[in-house]
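Residue numbers (the UniProt record's numbering): 1 to 548. Heads up, the beta-carbon is just placed ideally off N, CA and C, and yes, glycines get one too. Every value quoted in this text rests on a predicted model; they were computed, and no experiment measured them.
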Amino acid sequence: MPPPTRHGAWHRLQAHADAVRSHRMRDLFDADPERAQRMQCRVGSIRLDYSKNRIDDDGLDALFTLAEAMNLRGAIDAMFAGEPINATEQRPALHVALRMPRDAVLEVGGRNVVADVHTELDKLRRFATAVREGTWKGRTGREVTDVVNIGIGGSDLGPRLVCDALRPLSHPRLRTHFVANVDGARITGLLRTLDPDTTLFIVASKSFGTQETLTNATTARQWFLDQGASEADIAKHFVAVSTNTDKVTAFGIDPANMFGFWDWVGGRYSLWSAIGLPIMLAVGPDAFDQLLAGAHAMDEHFRTAPWQENLPVMLGLIGVWYINGLRAGTHLVAPYDHGLRQLPAYLQQLDMESNGKSVTRTGAPVETKTGAVVWGYSGINGQHAFYQLLHQGTRLIPADFIVSLHNPNSPPHHHRIVLANCIAQAQALMQGRTTEQARAEMRAAGLDEARIRELAPHRTFDGNHPTNTLLLDALTPHSLGALLAMYEHKVFTQGVLWQVNSFDQWGVELGKDLARRVETAFDEGGYPDDADTSTRALIDLARDALDA
Ligand code: F6P
Numbered sequence: 001m002p003p004p005t006r007h008g009a010w011h012r013l014q015a016h017a018d019a020v021r022s023h024r025m026r027d028l029f030d031a032d033p034e035r036a037q038r039m040q041c042r043v044g045s046i047r048l049d050y051s052k053n054r055i056d057d058d059g060l061d062a063l064f065t066l067a068e069a070m071n072l073r074g075a076i077d078a079m080f081a082g083e084p085i086n087a088t089e090q091r092p093a094l095h096v097a098l099r100m101p102r103d104a105v106l107e108v109g110g111r112n113v114v115a116d117v118h119t120e121l122d123k124l125r126r127f128a129t130a131v132r133e134g135t136w137k138g139r140t141g142r143e144v145t146d147v148v149n150i151g152i153g154g155s156d157l158g159p160r161l162v163c164d165a166l167r168p169l170s171h172p173r174l175r176t177h178f179v180a181n182v183d184g185a186r187i188t189g190l191l192r193t194l195d196p197d198t199t200l201f202i203v204a205s206k207s208f209g210t211q212e213t214l215t216n217a218t219t220a221r222q223w224f225l226d227q228g229a230s231e232a233d234i235a236k237h238f239v240a241v242s243t244n245t246d247k248v249t250a251f252g253i254d255p256a257n258m259f260g261f262w263d264w265v266g267g268r269y270s271l272w273s274a275i276g277l278p279i280m281l282a283v284g285p286d287a288f289d290q291l292l293a294g295a296h297a298m299d300e301h302f303r304t305a306p307w308q309e310n311l312p313v314m315l316g317l318i319g320v321w322y323i324n325g326l327r328a329g330t331h332l333v334a335p336y337d338h339g340l341r342q343l344p345a346y347l348q349q350l351d352m353e354s355n356g357k358s359v360t361r362t363g364a365p366v367e368t369k370t371g372a373v374v375w376g377y378s379g380i381n382g383q384h385a386f387y388q389l390l391h392q393g394t395r396l397i398p399a400d401f402i403v404s405l406h407n408p409n410s411p412p413h414h415h416r417i418v419l420a421n422c423i424a425q426a427q428a429l430m431q432g433r434t435t436e437q438a439r440a441e442m443r444a445a446g447l448d449e450a451r452i453r454e455l456a457p458h459r460t461f462d463g464n465h466p467t468n469t470l471l472l473d474a475l476t477p478h479s480l481g482a483l484l485a486m487y488e489h490k491v492f493t494q495g496v497l498w499q500v501n502s503f504d505q506w507g508v509e510l511g512k513d514l515a516r517r518v519e520t521a522f523d524e525g526g527y528p529d530d531a532d533t534s535t536r537a538l539i540d541l542a543r544d545a546l547d548a
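What follows is the structure in structure tokens.
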């Protein structure tokens, strides 16, 4: 298939971008009283208002035409059919199978993977129930009080986000901790607070070859043994989640204490698999089922809804419009619910590891910009930190504002402030404040004309800054599952339009390889071949520090 740039819709999009670059959203709202009504879609408990975007019907039409030209529909069907769409790793990308109901059938290589998924889910359910009910005992017969997930990247960010978001539903006896950074300050600091007899370690690694995870896990195991536990006790306190039984066994964890998943689950798409064990332990199997059900509902929506009503597709296309049409370089994620404050970090991996690519699926250089720099932070906190640049800086920064309409965990007088701010910030970013308005307000406040003249430029806001507002009815396992699946499919949509493989991550390998060589240089002296003078000088400094 020709690249997107060869399609008429691409040129239409570029021409349209040039034509509307100076258009103002305020005018679009004035010209169309129905704009807000028309530019929204809803899936179950998630509503998207995309009216505060610098886009009009012609722009959307060009995007839909481009989606057709790039065969988005065919690509979606191929993913759901289990075709090997992750071509560089010669496998399907079947995270959607992880949330299919028990009676669904999806055959890959003659095997119904949905049956395998539910067999493993049942095993997880039995284990999680035993820990939660206290029938799973530690080496001295005591119940588990602390669960420590040791993993990184996709083996950390998803479970970490979901456990945090659903904390109000957590089992009262179980505290959940996440260790990712190999800086030993994290694990040693945490271990000081734990009782070895009531702690359960989950070593989570798809490959079971990730240096950071294995180093942290080894430190945890040594600490456990140093507290007087025996090798035999390890079985009661260490479990593994992986696709690699041999490496789990070699590490010293009994395969009976291993929960598996499959190579067709990408790390950043894996929270729905056994990688979600900390989630199931914290909130229970039924809530985990709800998480899966929410994601499955979004999958079905994505698979079947027409583009205009298709929430992930709309988000993906609007993102393409900003990146390739209006040349935005970043995308802000601003969750207003405290429970979603880890969403930006999760989406950074999901989006940037998936679409941070510069060759197409067939290895040709891409002719377009691909994934944006995704960044973000709690919206409310951000307002008091970086929003200044959104309001009055010089850059185009599209944003997603996400908030729950109902929040039973926040007293109403708190929640109304959250909602008001989320809504008002989107309004302020879009409408801005004209110089005339600024002057009038200062006059009304009694400032003299000289001061008004001086301050007017500083108190003028250009506005025209775009946001999507995503409203959840409430943050529940079901809506959270739907939200995260929505973002997975947004990323997929964009990957299809850019023709990249959203499911590999070769770019992270070079750094790992060089880190191993730098470590060898620490041990053996000298430098890695071809190390530049800067790298050599840094190695010298580090070596001196390590030897001191
Ligand atoms: O280095 C990147 C990466 O491979 C991610 O894609 C993955 O989520 C993470 O490392 C952890 O990998 P693993 O689960 O195999 O330890």
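So, is residue i buried or exposed, given that buried needs 16 or more other C-beta atoms within 10 angstroms?
i: T467; result: buried
i: L405; result: exposed
i: L194; result: buried
i: S230; result: exposed
i: G184; result: exposed
i: A424; result: exposed
i: H478; result: buried
i: L347; result: buried
i: W506; result: exposed
i: D532; result: exposed
i: M1; result: exposed
i: G526; result: exposed
i: D400; result: buried
i: P457; result: exposed
i: P412; result: exposed
i: F522; result: exposed
For residue i, which of helix, strand or coil comes out of DSSP?
i: A456; result: coil
i: G134; result: coil
i: L174; result: coil
i: I402; result: strand
i: T223; result: The identity of residue 223 in the sequence shown is Trp, whereas the question assumes Thr. W223 falls in the helix class under three-state DSSP.
i: F261; result: coil
i: T145; result: coil
i: E34; result: coil
i: S242; result: strand
i: A180; result: coil
i: E365; result: According to the sequence displayed, residue 365 carries Pro and not Glu. It is a strand residue.
i: D49; result: strand
i: E83; result: coil
i: W375; result: strand
i: Q90; result: coil
i: H384; result: coil
i: V500; result: coil
Taking the alpha carbon of residue i as the reference point, which residue from the options has its own alpha carbon closest?
i: P3; options: H237, N71, A485; result: N71
i: V117; options: D103, A128, T129, F127; result: D103
i: V239; options: I275, P411, L271; result: I275
i: R453; options: N464, Q437, D462; result: Q437
i: D57; options: N381, M25, A364; result: M25
i: V265; options: R543, A62, F80, H95; result: H95
i: V518; options: L510, V147, P528; result: P528
i: D30; options: G110, M430, A548, L166; result: M430
i: R99; options: F288, K137, R451; result: F288
i: V113; options: K123, A97, K357, L124; result: A97
i: N355; options: G8, V508, N257, T188; result: V508
i: L472; options: D49, T370, V144; result: D49
i: M280; options: T176, N421, R443; result: T176
i: L121; options: G284, A537, L510; result: G284
i: L470; options: H16, A62, A78, G44; result: G44
i: S207; options: A250, H465, S170; result: A250
i: D246; options: T435, S205, T219; result: S205
i: G393; options: D462, L350, R167; result: D462
Rounded to whole angstroms, how far is the Cβ of residue i from the Cβ of residue j, which I believe are closer than 8 Å?
i: T476; j: Q227; result: Contact flag wrong, Cβ pair sits at about 39 Å.
i: P278; j: C163; result: 6 Å
i: N216; j: V182; result: 6 Å
i: V359; j: P365; result: 6 Å
i: P196; j: F224; result: 5 Å
i: E89; j: I152; result: 19 Å between Cβ atoms; not a contact.
i: F64; j: W307; result: 5 Å
i: V500; j: K357; result: 4 Å
i: I397; j: T460; result: Rounded, the Cβ-Cβ distance is 19 Å, inconsistent with contact.
i: T5; j: T368; result: 6 Å
i: R268; j: G154; result: 4 Å
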